[in-house]
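Have a look at the structure below before the remarks.
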Amino acid sequence: MADNIARVFADAIASDPTRPLLTWYDDATGERTELSGATLANWVAKTANLLVDEVALAPGDTAGVLLPPHWQTAAVLLGCWSAGLAVVDTPGDVDALFAAADRVAEADAWSAGERYALALAPFAAPLRQVPPGFADYVVEVRGHGDQFTAYPKGGPADAELLARAADRATELCLAAGDRVLVDAAVHPDPVDWLLAPLRAGASIVLCGNLDPSRLDARIATEKVTRSLT
781 MADNIARVFA DAIASDPTRP LLTWYDDATG ERTELSGATL ANWVAKTANL
831 LVDEVALAPG DTAGVLLPPH WQTAAVLLGC WSAGLAVVDT PGDVDALFAA
881 ADRVAEADAW SAGERYALAL APFAAPLRQV PPGFADYVVE VRGHGDQFTA
931 YPKGGPADAE LLARAADRAT ELCLAAGDRV LVDAAVHPDP VDWLLAPLRA
981 GASIVLCGNL DPSRLDARIA TEKVTRSLT
């Protein structure tokens, strides 16, 4: 059983880093963002380098994540796991906190060394106004290197998360080579929308604010083989 999320991610893109790995749709804005394995890996590496080089975090440290399903959330989560961090979503003491712009008010319940806000805007646009006490994730992360050597040993929760992901991949009937469409509102847990597909060797079409009238056309256009709606 795999016990290192960074290694599972690397294996998921190894055969063809140029193929689409994660495609994000937001039907409220009309956004479509397609990331190849290589492109997502660059964002993951930049995030890990931000945490290690700038924040000086080490394996076993913790990150709080207050983010919805989104391609930038995938970069944050995989970056944290690559750096060996434990990711939590319940208030407490953490070494770094990542929050969507519309959730920064919840940060008062957290004690965090560094705080990053995300606009989650199309084209990875920065925040128009950075909340007090926060840095803008997309501005800060861009300056970091796009290569990162993940730690050989996974984070403290990797084995448990990947065991759950393997179970969910089986329950959801995911298989290697699948193109999986995921309704973010129905499957908000990253074990479902991110780790289970990666563990199975599938690629992801993640849909926020899914418009049911567009579903059939999207399944055809994206060559979806499995729909989680």
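For what it's worth, this note's numbering labels the leading residue of the sequence shown as 781, then goes sequentially.
The beta-carbon is built from N, C-alpha and C at its ideal position, and this holds for glycine as well.
Cutoff 7 Å; reference residue i; Cβ partners in own chain excluding five residues on either side
i       : result
ASP926  : ASN822, ALA825, LYS826
ALA939  : ASP783
THR1005 : ASP958, ARG959
Which residues DSSP lists as bridging residue i, in chain order
i      : result
ALA879 : LEU846, ALA897
ARG812 : TYR805
GLY988 : ASP806
VAL910 : In the DSSP output, where bridge partners are listed per residue, VAL910 has none listed.
Which of helix, strand or coil DSSP assigns to residue i
i       : result
LEU1058 : Limits of the chain in this structure are 781 at one end and 1009 at the other, which puts residue 1058 out of reach.
PRO800  : strand
VAL1004 : coil
ALA855  : helix
ASP916  : strand
ASP873  : strand
ALA885  : helix
VAL824  : helix
ALA980  : helix
SER993  : helix
SER905  : The amino acid occupying residue 905 in the given sequence is Ala; Ser does not appear at that position. It is coil, neither helix nor strand.
ALA892  : strand
ALA792  : helix
ALA836  : coil
ALA742  : Residue 742 lies beyond the residue range present for the chain, which begins at 781 and ends at 1009; the question has no answer from this structure.
PRO968  : coil
THR819  : helix
ASN784  : coil
Own chain partners of residue i with C-beta closer than 6 Å, once the 5 adjacent residues on each side are dropped
i       : result
ALA949  : ALA976, ARG979, ALA980
ALA930  : ALA786, SER862
ASP873  : SER891
VAL884  : ALA897, PRO911
SER1036 : In the structure as shown, the chain begins at 781 and stops at 1009. Residue 1036 is therefore absent and cannot be evaluated.
TYR760  : What the structure shows of the chain is the stretch from 781 to 1009, and residue 760 is not part of that stretch, so it cannot be assessed.
Same chain, Cβ closer than 8 Å to residue i, neighbours up to 5 away in sequence not counted
i      : result
ALA937 : ALA866, VAL867
THR798 : SER816, GLY817, ALA818
CB contact check: residue i to chain C, cutoff 8 Å
i      : result
ASN829 : As a matter of chain content, chain C is missing from the structure shown, which is built from one protein chain.
Item to check | Ordered list of beta strand (DSSP E) runs contained in the stretch 931 to 956, each at least 3 residues | outcome: Secondary structure within the stretch 931 to 956: not one fully enclosed beta strand (DSSP E) run of 3 or more consecutive residues is present.
Next on the checklist: For the pair the stretch 880 to 893 and the stretch 813 to 820, tell me if three or more CB-CB distances fall below 8 Å.
Outcome noted: The stretch 880 to 893 vs the stretch 813 to 820: no contact.
Checklist entry - Any contact of the stretch 865 to 883 with the stretch 986 to 1004, i.e. 3+ C-beta pairs under 8 Å? => result The stretch 865 to 883 makes no contact with the stretch 986 to 1004: fewer than 3 CB pairs, one atom from each, lie closer than 8 Å.
Next on the checklist: I want to know whether the stretch 839 to 857 touches the stretch 790 to 810 - three or more CB-CB distances under 8 Å.
Outcome noted: Touching, yes, given that three or more Cβ pairs across the two stretches are closer than 8 Å.
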